[in-house]
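First the structure, in the form of structure tokens, and then the observations on it.
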Amino acid sequence: MEPGQHSSKKSHIKVVVLDLDGVLFDGPSVVYPIAKQMGLENAFLGAIAKAAREKLSVRESLLLGAKVWTGIPVDGTLDPIVERLPLMEGAEETVATLKKRGYQVGCVSSGASQFFMKPFSRRLDLDFAYSNVLGEKDGRHDGTVQYVMEGPQKAEKVLQHMKDIGLSSKNLASVGDGENDLDLFKASSFSVAFNPQTERVSRSATVTVHSKDLRSLLSYFESTV
14 MEPGQHSSKK SHIKVVVLDL DGVLFDGPSV VYPIAKQMGL ENAFLGAIAK AAREKLSVRE
74 SLLLGAKVWT GIPVDGTLDP IVERLPLMEG AEETVATLKK RGYQVGCVSS GASQFFMKPF
134 SRRLDLDFAY SNVLGEKDGR HDGTVQYVME GPQKAEKVLQ HMKDIGLSSK NLASVGDGEN
194 DLDLFKASSF SVAFNPQTER VSRSATVTVH SKDLRSLLSY FESTV
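Take the sequence shown: its letter number 184 is residue 197 in my numbering, and every next letter is one higher.
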């Protein structure tokens with residue numbers, strides 16, 4: 014599908030929500046470089062290997078991975094690391110341009126926690142951001158998970174946000190790359206499979222974009238102001 018098609022549908026779009034891993038972040042897991050820089054690489058890779066070996070579910074994998082962060086301070090520890098993370102080419106310009114064109118822009122992720130999303134949201138000046146919620150005690154990670162953000166929860170969180178600001182799913186556009194974005198695609202009036210991981214993801218989206226530059230999305234979103 015060429016940019017500009019479905020313009021009547023997209024004229025209703027007011028909110029654009031993007032996935033994190035593989036979309037705003039140039040890589041399969043934003044958590045890995047953070048763990049590596051904090052000296053937790055071996056523990057992190059060990060958790061991934063165990064999850065794969067035991068064929069754990071997304072929820073079980075997250076519960077296991079959360080233990081890696083036990084004892085890490087939660088206030089500001091990740092901020093300088095997040096500031097240096099390699100984003101997808103054009104990510105900052107894409108978000109800024111969409112906002113200038115009148116869209117509210119957010120991120121929803123099943124691969125990160127609120128402790129990452131807070132500084133990440135500030136870096137990109139996002140209007141909203143949702144993720145897994147890890148537990149804390151006395152200012153440090155306690156190794157628990159308070160909220161798991163799987164595919165259905167991604168859609169639920171964003172739809173609740175839409176309701177809170179007086180909009181509906183017809184006003185929503187979403188951008189993702191994985192199977193856990195399918196519920197979000199279904200909940201959106203317009204969806205983009207950005208470098209989709211599977212053919213199913215591509216088939217489930219309104220359009221498919223193969224690019225290593227996030228600015229490729231901009232031709233699908235005209236100014237609303």
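Virtual Cβ for every residue (Gly too), placed ideally from N, Cα, C.
For clarity, every value in this text was computed on a predicted model and none was experimentally measured.
Check your understanding: Which term fits His-239, buried or exposed, when burial requires 16 or more other beta carbons within 10 angstroms of its beta carbon?
Key -> Nothing can be reported for residue 239, as the shown portion of the chain is limited to 14 through 238.
Check your understanding: So does the stretch 96-113 actually touch the stretch 168-175, counting three or more Cβ pairs closer than 8 angstroms?
Key -> no
Check your understanding: Per DSSP, which one or two residues make a beta bridge with Pro-262?
Key -> In the structure as shown, the chain starts at 14 and stops at 238, and residue 262 therefore has no counterpart that could be examined.
Check your understanding: How about Val-161 and Leu-147: are their beta carbons less than 8 angstroms apart?
Key -> no
Check your understanding: Can you tell me whether DSSP reads Ser-144 as helix, strand or coil?
Key -> strand
Review point. Could you give the residue range of the beta strand (DSSP E) that holds Thr-221?
Key: Segment 220-222, the beta strand (DSSP E) holding Thr-221.
Review point. Name the DSSP bridge partner or partners of Asp-226?
Key: DSSP links Asp-226 through a beta bridge to Glu-102.
**Study point:** Check whether Gln-91 and Pro-46 have beta carbons under 8 angstroms apart
**Key:** It should be noted that the sequence gives Leu, not Gln, for residue 91. It is not a contact, given that the beta carbons lie outside the stated cut-off.
Check your understanding: Among the residues of its own chain, which have a CB less than 6 angstroms from the CB of Ser-144, if the five just before and after it don't count?
Key -> By the criterion of a C-beta distance shorter than 6 angstroms, Ser-144 is surrounded in its chain by Ser-122, Ala-125, Ser-126, Gln-127, Met-130 and Met-162, once the five residues flanking it on both sides are discounted.
Practice item. Pick helix, strand or coil for Gln-127, following the three-state DSSP scheme. Key: helix
Point to revise | Residue interval of the alpha helix (DSSP H) (run including Phe-234) | key: Segment: none, Phe-234 is in no alpha helix (DSSP H) and carries neither H nor E.
**Study point:** Residue closest to Thr-221, alpha-carbon to alpha-carbon, out of Ser-204, Phe-234 and Leu-231
**Key:** Ser-204
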